[in-house]
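One structure is given here, and the rest of the page talks about it.
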Amino acid sequence: MAAGTLYTYPENWRAFKALIAAQYSRAQVRVLSAPPHFHFGQTNRTPEFLRKFPAGKVPAFEGDDGFCVFESNAIAYYVSNEELQGSTPEAAAQVVQWVSFADSDIVPPASTWVFPTLGIMHHNKQATENAKEEVRRILGLLDTHLKMRTFLVGKRVTLADITVVCTLLWLYKQVLEPGLPQYQLLVPYLH
Numbered sequence: 001m002a003a004g005t006l007y008t009y010p011e012n013w014r015a016f017k018a019l020i021a022a023q024y025s026r027a028q029v030r031v032l033s034a035p036p037h038f039h040f041g042q043t044n045r046t047p048e049f050l051r052k053f054p055a056g057k058v059p060a061f062e063g064d065d066g067f068c069v070f071e072s073n074a075i076a077y078y079v080s081n082e083e084l085q086g087s088t089p090e091a092a093a094q095v096v097q098w099v100s101f102a103d104s105d106i107v108p109p110a111s112t113w114v115f116p117t118l119g120i121m122h123h124n125k126q127a128t129e130n131a132k133e134e135v136r137r138i139l140g141l142l143d144t145h146l147k148m149r150t151f152l153v154g155k156r157v158t159l160a161d162i163t164v165v166c167t168l169l170w171l172y173k174q175v176l177e178p179g180l181p182q183y184q185l186l187v188p189y190l191h
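Per full-length UniProt numbering, the very first residue in the sequence shown carries number 1; after that it's consecutive.
The structure is reproduced here in structure tokens:
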């Protein structure tokens, strides 16, 4: 079972993937996300941090055994057990499919829609409208997929569910309508 320290900043939805996976797997993960132990933008630029994590990105995980890994999906995989990863080769491939889908299909339009509301990016009306349409398409796809099942892969929570829900979290918190009335099956899934 993995044990170690997760470096991040507060409320980082990407770090939530690793933290949720760790809880399901009973991995022992300490979080450093605030001064004096970790100060985002400073600590992650120090020579010591960059020796362990050359990209200087967070979240980053340092195992108690000295093993270091960055990128949220890699960390979530490392701290997860076989049930979360997919217990057959087919299930594992489907888990990777949905994790990849979250990064390649959900993150780009979600960023375009959410970042302007957070002041991270300038608002571009046409880009935002395109992003909204793409998010609606994705939510519809997820809603349809969940008509025949409770979870994205198999009969229990996997990294696929954890990743997709965490990726949708910032949309849900910032811009989506409460209750998402048009997505009957997605709402209980997100709760």
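For each residue, glycine too, the CB sits at the ideal point set by N, CA and C.
Handout entry: Integer Cβ distance of Ala18 from Leu6, believed to fall under 8 Å
Key = The residue you call residue 18 lines up with position 18 of the sequence shown. The residue you call residue 6 lines up with position 6 of the sequence shown. With 8 Å as the limit, Ala18 and Leu6 qualify as a contact, their Cβ atoms being about 6 Å apart.
Exercise for the section: Look at the Cβ atom of Pro116, then the Cβ atom of Val135, and state whether they are nearer than 7 Å. Expected result: Position 116 of the sequence shown, counted from the start, is the residue given in the question as residue 116. Position 135 of the sequence shown, counted from the start, is the residue given in the question as residue 135. Between Pro116 and Val135, the C-beta spacing is not below 7 Å.
Problem - Gly140 - DSSP class collapsed to helix/strand/coil - result: Indexing the sequence shown from 1 puts residue 140 at position 140. Looking at Gly140 - three-state DSSP - the assignment turns out to be helix.
Practice task
Kindly list the residues whose CB is nearer than 7 Å to the CB of Val175, restricted to its own chain and excluding five residues on each side of it in sequence; keep chain order.
Solution key: Residue 175 sits at position 175 when you count from the first residue of the sequence shown. Taken in chain order, the residues that qualify are Trp113, Val114 and Thr117.
Handout entry: Nearest candidate by alpha-carbon position, reference Ala55, set Gln42, Phe70 and Phe61
Key = Here residue 55 refers to the residue found at position 55 when the sequence shown is read from its first residue. Among Gln42, Phe70 and Phe61, the Cα nearest to that of Ala55 belongs to Phe70.
Practice task
Report the partner residues of Val95 according to the DSSP bridge assignment.
Solution key: Counting from one through the sequence shown, the residue named residue 95 turns up at place 95. The partner list for Val95 (beta bridge, DSSP) is empty, contrary to what the question assumes.
Exercise for the section: Tell me whether Phe49 sits in a helix, a strand or coil according to DSSP, three-state version. Expected result: Taking the first residue of the sequence shown as position 1, residue 49 is located at position 49. In the structure shown, Phe49 sits in a helix (DSSP, three-state: H, G or I).
Problem - Neighbourhood of Asn73 by C-beta distance below 6 Å, restricted to the same chain and skipping five residues each side - result: Your numbering for residue 73 matches position 73 in the sequence shown. Within the same chain, and ignoring the five residues on either side of Asn73 in sequence, the residues whose Cβ sits closer than 6 Å to its Cβ are Val99.
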